[in-house]
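So the structure is just underneath, and the comments pick up after that.
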């Protein structure tokens, strides 16, 4: 799929880069696995009993009080549908994926969870998909009559929040656009669904899985440093993902220290900043973790007169993600996407680390 660098940096940087809004819902029982309901009994314990409600959650546009357990949940943007599904709830509707997607305009990790919950795309229980070609699909969302709309990880504006609130209570972004850590979004969404205990456990289990697949299996990861960024020879631009971006957070979770360069030049919470190609040799780290635009490969980076001067490139430490889906799984990290991507990317980090330490 062809996509401009600016679009992808803003979108995936958006991807990379929640406290909650909520919903007054209907308490009527619905079949497990049906859209908007709990699959596998995740919502039927004491945490989601009548005594758990109301729940008030904060977001950047204020607070929303959820009066009763949501029955019809709709999601917007990346990550939110992943978290809802991971908690055993099938949304009545969710956005299509427009980058890194599969033939279902979804992702492999979402599809696997939908099948597990009895809501595969060929079933009557499958969620509706919202057309996001022009932004938030207000009409599509209204058509599924949700009692809760979740946009905890999103670029939702206040105007969009207010418009969605005319349909149902809304979970707005918890932090600046596309910068809410997946751990926070999981905990926020868990609270809104009456599944706080499950959400906290899921965060801990996912973090442990990443660490075990990372430095746990490859102790040498702790001996190198890394920078996450994007190298685009066609535009002659270097973009560095900051400490507030999911790619840098992924490195730290895996036990690979982010190079001091990132915090020193990008601050503590920026999701990305641009760096002059003329100063490529100042990008001090052992590894450089990147995705590449279509038509570019690692050889082109090494041969580039400026990008080839990046210390990690010179030292054999270039780590390139193999597919758009892998980029999405880390940029828009979630408790579903991270376990899916680990065995696909850790070998590349291990190989690059070995090359660096052997040089």
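In UniProt numbering, the protein residues as written are 1 to 359. Ideal placement from N, C-alpha and C gives every residue a C-beta, glycine not left out.
Straight-line measurement puts the Cα of residue 234 at about 43 Å from the Cα of residue 190. Contact check between the region 73-80 and the region 179-195: three or more CB pairs, one atom from each, fall below 8 Å, which counts as touching.
For residue 346, the uninterrupted alpha helix (DSSP H) segment begins and ends at 337-358.
Bounds of the alpha helix (DSSP H) holding residue 85 are 80-86. The beta-bridge partner set that DSSP reports for residue 230 consists of 239 and 291. Contact check for residue 119 against residue 93 fails: the beta carbons are separated by 8 Å or more.
Residue 272: not part of any alpha helix (DSSP H); member of the beta strand (DSSP E) spanning 272-275, first to last residue.
Between the region 134-144 and the region 86-102 there are three or more C-beta pairs closer than 8 Å, enough to call the two in contact. With three or more CB-CB distances shorter than 8 Å, the region 218-232 counts as touching the region 284-292. Taking all protein chains in view, the Cβ of residue 277 is crowded by 16 or more other Cβ atoms within 10 Å, so the residue is classified as buried. DSSP places residue 55 in the strand class (E or B) of the three-state scheme. A straight line joining the alpha-carbon of residue 262 with that of residue 242 spans about 6 Å.
In this structure, residue 250 keeps its C-beta atom at 8 Å or more from the C-beta atom of residue 301. Using a 10 angstroms sphere on the CB of residue 236, the tally of other CB atoms stays under 16, which defines it as exposed. Rounded to the nearest whole angstrom, the C-alpha separation of residue 196 and residue 334 is 16 Å. For the pair of segments examined, the region 198-212 was found not to touch the region 298-317: the number of CB pairs separated by less than 8 Å stays below three. For residue 342 against residue 258, the beta-carbon gap comes to about 19 Å, at or over 8 Å, which does not count as contact. Pairing residue 213 with residue 348, the inter-Cα distance amounts to about 12 Å. In the three-state scheme derived from DSSP, where H, G and I count as helix and E and B as strand, residue 174 is classed as coil. One thing to note: residue 313 has its Cβ no nearer than 8 Å to the Cβ of residue 352.
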